[in-house]
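In the numbering used here, the protein residues as written are 180 to 470.
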């Protein structure tokens, strides 16, 4: 609780001390950590590699943008973005859960790319031109606090699952679903709960991203690069699912900014090499002291 309290206080006062550049870097780190926490609900607790979970982030971003541009209040638009993302996912559950391991990852990534192509060819989403929003001058500050709020809520949720009977039940299903069923555990309601939790939070994040960027297009909100970054954080956080996503996301964004500012022409290549080396060195994640 003390660590969480310090995190909230530090996050609350950070915008008062930081310039717009560092506020944007911090927002990027909080976005990445929230994406990792959301994906971890299915990855860490159920063992499904949700490589294409960003699909629901994109649904949330477009839902929010369309509703908000039609003068629906900001928080109502965000809530509906989360709800619609979950409603879209529920009919897919019986199909996608037939896939296991890397087949599940490929299947969800295929869904993400398909939605990107669909969004680029629909007039309601702005097609290839994307969707621009009229936001207030304080939108960056609002988005930062929303990212911080979602990060804290998801962190608390993951901490609760790590220590609760619900979390132990989820891990039992992850380790051996057939054995869990012989003990009377019906896995489907638990998978449905985690799916709704993941997709709802991703929808909220997509809406917050729309506020923050004020412009979205399909290649951005359905970006496979965003999936790679998120999955990279997930792998490094395997041994520390509570604090790991936040700490690694902050470190990742700082390294990214350092490479981008120092080597603008080859920063993508250097970052890719760094990602590969870290995964090779820590294939089962890193245990942060005290986590």
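All C-beta atoms in this analysis are idealised placements derived from N, C-alpha and C, irrespective of residue type, glycine included.
Just so we're clear, the structure is a prediction, and the values are computed from it rather than from any experiment.
CB contact flag (residue 217, residue 232, <9 Å): yes
Proximal residues to residue 457 (C-beta, below 7 Å), its chain only, five neighbours per side dropped: 415
Per-residue burial, residue 418 [other beta carbons within 10 Å of its own, 16 or more giving buried]: exposed
Buried/exposed call for residue 373, threshold 16 Cβ in 10 Å: buried
Distance between residue 239 and residue 263 (C-alpha atoms, nearest Å): 7 Å
Which of helix, strand or coil DSSP assigns to residue 311: strand
Cβ pair residue 190, residue 327 closer than 9 Å: yes
Contact between the segment 392-400 and the segment 239-248 (3+ Cβ pairs under 8 Å): yes
Sequence ranges, alpha helix (DSSP H) only - wholly within the segment 241-274, length at least 4: 253-268
Short Cβ contact (9 Å threshold) for residue 412 with residue 215: yes
Coarse secondary structure for residue 470, derived from DSSP in three states: Residue confidence is low: residue 470 scores 46 on pLDDT, short of 50, so the model does not pin down where it sits. Its coordinate-derived value is still stated next. Coil.
Beta carbon proximity, residue 393 to chain D, threshold 9 Å: The displayed structure is made up of one protein chain only, and chain D is not part of it.
Outcome for residue 219 when other beta-carbon atoms lying within 10 angstroms are tallied against a minimum of 16: buried
Spatially closest choice to residue 388 from 355, 365, 320 and 268, by CA coordinates: 320
Own chain residues within Cβ distance below 7 Å of residue 467, not counting five before or after: Low confidence applies to residue 467: its pLDDT is 48, below 50, so where it sits in the model is not reliable, and the reading given next is rough at best. The residues are 419, 422, 423 and 426.
Rounded straight-line distance, which links the Cα of residue 254 to that of residue 228: 30 Å
Nearest neighbour of residue 382, chosen from 291, 258 and 332 [CA to CA]: 258
Inter-stretch contact at 8 Å, needing at least 3 Cβ pairs: the segment 280-295 / the segment 400-407: yes
Contacts around residue 270, its chain only, beta-carbon distance under 7 Å, and the 5 residues preceding and following it disregarded: none
Nearest-angstrom Cβ-Cβ length linking residue 330 and residue 213, presumed shorter than 8 Å: 5 Å
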